[in-house]
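Asker:
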Amino acid sequence: MGPVIYEIDTWPWLTGLGGVTLGEVPGTVWDQVAAPGIDAVWLMGVWERSPAGIAVARSNEELQRSFRDALPDLRPDDDVGSPYCVRRYRVDERLGGPQGLARAREELRRRGVKLFLDYVPNHVAPDHPAVTEHPDWFVRENGVIANGRDPYFPPWPDVLQLNAFAPGMRDATVAALSDIADQCDGIRCDMAMLLINEIFARTWGALAGPPPAQEFWPHVIGRLRERHPGVTLVAEAYWDTEWQLQQQGFDHCYDKRLYDRLVHEDAGSVRKHLSAGLDYQDRLIRFLENHDEPRAAATFPDGRARAAAVVVATLPGATLWHDGQFEGRRVHLPVFLGRFPDEQPDQALRDFYRRVVAAAADVRRGQWRMLETFGWPDNQSHQDLLAWAWDSAVVVVNFAGHPSQGRVPLPGAEVPGRAWRLVDRLDGRVFERSGSDLAGEGLFVDLPPWGTHVLVRE
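Read in order, the letters of the sequence shown are residues 2 to 459 in our numbering.
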């Protein structure tokens with residue numbers, strides 16, 4: 002089963018702890034981070050920030066407006082630079098440098114938690130050493146190195162575009178990833194689909210030169226695995242490229258389609274998405290927010306958010322949670338900023354998420370399968386129920402803003418007479434049911450709007 006990953010926006014997180022470095026984080030804080038059910042921590046944004054990138058950001062009025070929207074009391078030193086405008090893949094000294102990261106990794110390891118870090122394959126900062134030392138690694142446009150971009154949006158003004166077709170750049174990527182893998186257990190690759198040959202050629206045309214015979218990621222990942230066979234690779238992926246990137250060597254890819262359906266669509270749409278084969282689903286990573294998406298508390302109505310959290314927590318594949326999500330933070334902080342705004346934590350929501358994460362660790366065991374739901378002629382609300390089972394658990398979610406009822410056939414209930422004792426791991430309720438009744442009609446479920454059951458058989 003895929004890991005449960007907790008993303009931390011490293012710089013503002015450390016600021017919120019009083020400005021400590023990674024090597025100075027108190028053990029009690031690591032205890033809280035490494036909560037039951039968390040398998041890995043992704044320290045987002047540890048690499049050296051770019052002074053040149055900061056200068057570009059300070060001259061961009063649109064960015065400055067977004068900074069002031071997030072931090073009305075914005076100070077000049079709050080802009081610490083984008084973590085995706087990387088000057089060097091060395092831990093920023095202001096965050097504790099390589100020694101601080103090594104200490105953080107050891108603290109996590111002692112708690113049985115792995116460490117994930119970032120890599121940005123598509124572009125670098127204007128003051129990255131490769132700009133002057135290896136200009137052949139870059140795309141040139143009108144005689145100068147082009148700004149990084151994807152095929153659908155204007156260029157990013159603070160970064161320079163690497164050429165995925167350049168042999169030297171591919172070799173450098175292997176070396177950089179190998180160095181990162183020496184320092185962690187997993188690597189999240191930013192906008193990984195941009196390096197697929199077809200997408201890169203469509204983005205840059207003749208400026209990139211002819212596409213190589215081999216795809217970028219199989220070349221890079223194959224060589225990386227020779228040195229680091231156990232490192233976990235996660236692709237940020239969009240545009241329905243998830244399966245392709247899985248086949249090219251990634252262990253897990255973002256499931257943005259599920260996110261969009263949970264935000265905007267209904268139970269039928271979610272059910273359709275989950276009908277894909279397990280060979281695909283086991284290698285997706287589910288989420289309700291991350292540093293690129295709006296805060297879940299500001300996006301989902303409260304009941305829908307809780308139902309969606311149970312969905313993503315109990316599906317096959319990997320799960321991604323975001324620092325501040327459990328506490329109900331609502332302000333989406335631009336990644337350039339090194340300080341969070343003051344927000345009052347929602348203790349009840351925090352308790353709910355902790356229960357969900359811990360419960361999911363218990364129920365996600367064995368084989369996963371979707372379950373059918375059934376209604377009766379004058380009540381078809383069962384169509385809004387999502388249901389699936391693990392070996393000793395059943396999850397039912399009413400993904401609708403109205404009460405829903407239905408019957409859910411349970412695996413193993415075909416043996417009449419055996420008594421069933423089902424305990425809801427989220428609220429402790431106990432349901433005693435006759436095996437004969439379950440074998441005949443299935444489990445009757447009556448859930449309030451956005452209600453859930455995470456039932457474990459005892």
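Ideal placement from N, C-alpha and C gives every residue a C-beta, glycine not left out. This one's a predicted model, so the numbers in the text were calculated from it and none came from an experiment.
Hey, would you say Glu237 sits closer than 8 angstroms to Ala182, going by beta carbons?
Answerer: The residue you call residue 237 lines up with position 236 of the sequence shown. The residue you call residue 182 lines up with position 181 of the sequence shown. No.
Asker: Assuming Asp343 contacts Asp10 (C-beta within less than 8 angstroms), just tell me the rounded distance between them.
Answerer: Counting from 1 along the sequence shown, the entry for residue 343 is found at position 342. Counting from 1 along the sequence shown, the entry for residue 10 is found at position 9. Rounded, the Cβ-Cβ distance is 16 angstroms, inconsistent with contact.
Asker: Skipping 5 residues on each side, what residues in its chain have a beta carbon closer than 7 angstroms to that of Leu72?
Answerer: Indexing the sequence shown from 1 puts residue 72 at position 71. Here the set comprises Asp79, Leu338, Arg340 and Pro342.
Asker: What does the alpha-carbon distance come out to for the pair His274 and Phe154?
Answerer: Position 273 of the sequence shown, counting from 1, holds the residue named residue 274. Position 153 of the sequence shown, counting from 1, holds the residue named residue 154. Approximately 27 angstroms between the Cα atoms of the pair.
Asker: Take the Cβ of Asp1 as the centre, count every other Cβ of all protein chains shown within 10 Å, and call the residue buried at 16 or more, exposed below.
Answerer: The requested residue 1 does not occur in the structure, where the chain is confined to residues 2 to 459.
Asker: Here's the rule I'm using: 16 or more other beta-carbon atoms within 10 Å means buried, otherwise exposed. How should Thr233 be labelled?
Answerer: Taking the first residue of the sequence shown as 1, we reach residue 233 at position 232. By the neighbour-count rule (16 or more Cβ atoms within 10 Å), Thr233 is buried.
Asker: Contact defined as beta carbons within less than 8 angstroms: I believe Arg366 pairs with Gly318. What is the distance between those atoms, to the nearest angstrom?
Answerer: The count along the sequence shown starts at 1 and reaches residue 366 at position 365. The count along the sequence shown starts at 1 and reaches residue 318 at position 317. No, Arg366 and Gly318 are not in contact; Cβ-Cβ is about 14 angstroms, not under 8 angstroms.
Asker: Could you name the residues that DSSP lists as bridge partners for Lys115?
Answerer: Start at 1 with the first residue of the sequence shown, and residue 115 comes out as number 114. Beta-bridge pairing links Lys115 to Ala41.
Asker: Three Cβ pairs or more, each shorter than 8 angstroms: is that satisfied between the region 390-399 and the region 292-302?
Answerer: Touching, no.
Asker: Taking the C-alpha atoms as reference points, what is the distance between Asp256 and Ala306?
Answerer: Here residue 256 refers to the residue found at position 255 of the sequence shown. Here residue 306 refers to the residue found at position 305 of the sequence shown. Asp256 and Ala306: Cα-Cα distance of roughly 17 angstroms.
Asker: Under the rule that 16 or more other beta-carbon atoms within 10 Å means buried, what is Ser60, buried or exposed?
Answerer: Numbered from 1 along the sequence shown, position 59 holds the residue referred to as residue 60. It is exposed - the Cβ of Ser60 has fewer than 16 other Cβ atoms within 10 Å.
Asker: Leaving aside the five residues before and after His229 along the sequence, list all residues of the same chain whose C-beta is less than 7 angstroms from its C-beta, in chain order.
Answerer: For the purposes of this step, residue 229 is taken as the residue at position 228 of the sequence shown. So the qualifying residues of the chain are Ser179 and Ala182.
Asker: Could you please give me the residues that DSSP links to Gly187 through a beta bridge?
Answerer: Taking the sequence shown and counting its residues from 1, the one referred to as residue 187 is at position 186. Answer by DSSP bridge pairing, in chain order: Phe117 and Thr233.
Asker: Provide the residue span of the alpha helix (DSSP H) that contains His220, from first to last.
Answerer: In the sequence shown, residue 220 corresponds to position 219, counting from 1. Here the alpha helix (DSSP H) through His220 covers Phe217 to Arg228.
Asker: In the structure shown, what three-state DSSP assignment does Thr242 receive?
Answerer: Looking up residue 242 in the sequence shown gives position 241. Coil, per DSSP.
Asker: Report yes or no: do three or more beta-carbon pairs, one from the region 359-373 and one from the region 100-111, lie closer than 8 angstroms?
Answerer: At 8 angstroms Cβ cutoff, the stretches do not touch.
Asker: Mark Ser276 as exposed unless 16 or more other C-beta atoms lie within 10 angstroms of its C-beta, in which case mark it buried.
Answerer: Your numbering for residue 276 matches position 275 in the sequence shown. Result: exposed.
Asker: Do Val92 and Trp48 come within 8 angstroms of each other at the CB atom, strictly closer than that value?
Answerer: The residue given as residue 48 occupies position 47 in the sequence shown. The residue given as residue 92 occupies position 91 in the sequence shown. Their beta carbons are under 8 angstroms apart, which means Trp48 touches Val92 by this criterion.
Asker: Going straight from the alpha carbon of Ser270 to that of Phe400, what length do you get?
Answerer: In the sequence shown, the residue the question calls residue 270 occupies position 269. In the sequence shown, the residue the question calls residue 400 occupies position 399. Rounded to whole angstroms, Ser270 to Phe400 spans 11 angstroms at the Cα level.
Asker: DSSP on Gln406, reduced to helix/strand/coil?
Answerer: Along the sequence shown, one-based indexing puts residue 406 at 405. Of the three classes helix, strand and coil, the one that applies to Gln406 here is strand, per DSSP.
Asker: Determine the extent of the beta strand (DSSP E) in which Trp369 is found, giving its start and end residues.
Answerer: Start at 1 with the first residue of the sequence shown, and residue 369 comes out as number 368. From DSSP, Trp369 is part of no beta strand (DSSP E); its letter is neither H nor E.
Asker: May I have the straight-line CA-CA distance separating Asp32 from Pro152, to the nearest angstrom?
Answerer: The residue you call residue 32 lines up with position 31 of the sequence shown. The residue you call residue 152 lines up with position 151 of the sequence shown. Between Asp32 and Pro152, the C-alpha separation is close to 43 angstroms.
Asker: Within its chain, find whatever has a CB closer than 6 angstroms to the CB of Ala499; leave out the 5 residues flanking it on each side and keep chain order.
Answerer: Residue 499 lies beyond the stretch modelled for the chain, which goes from 2 to 459, so this question has no answer here.
Asker: Hey, Val312 and Leu263: beta-carbon distance below 8 angstroms or not?
Answerer: Your numbering for residue 312 matches position 311 in the sequence shown. Your numbering for residue 263 matches position 262 in the sequence shown. For Val312 and Leu263, yes; Cβs fall inside 8 angstroms.
Asker: So if DSSP puts Asp447 in a beta bridge, which residue, or which two residues, is it bridged to?
Answerer: If you number the sequence shown from 1, residue 447 lands on position 446. Answer is Gln406, bridged to Asp447.
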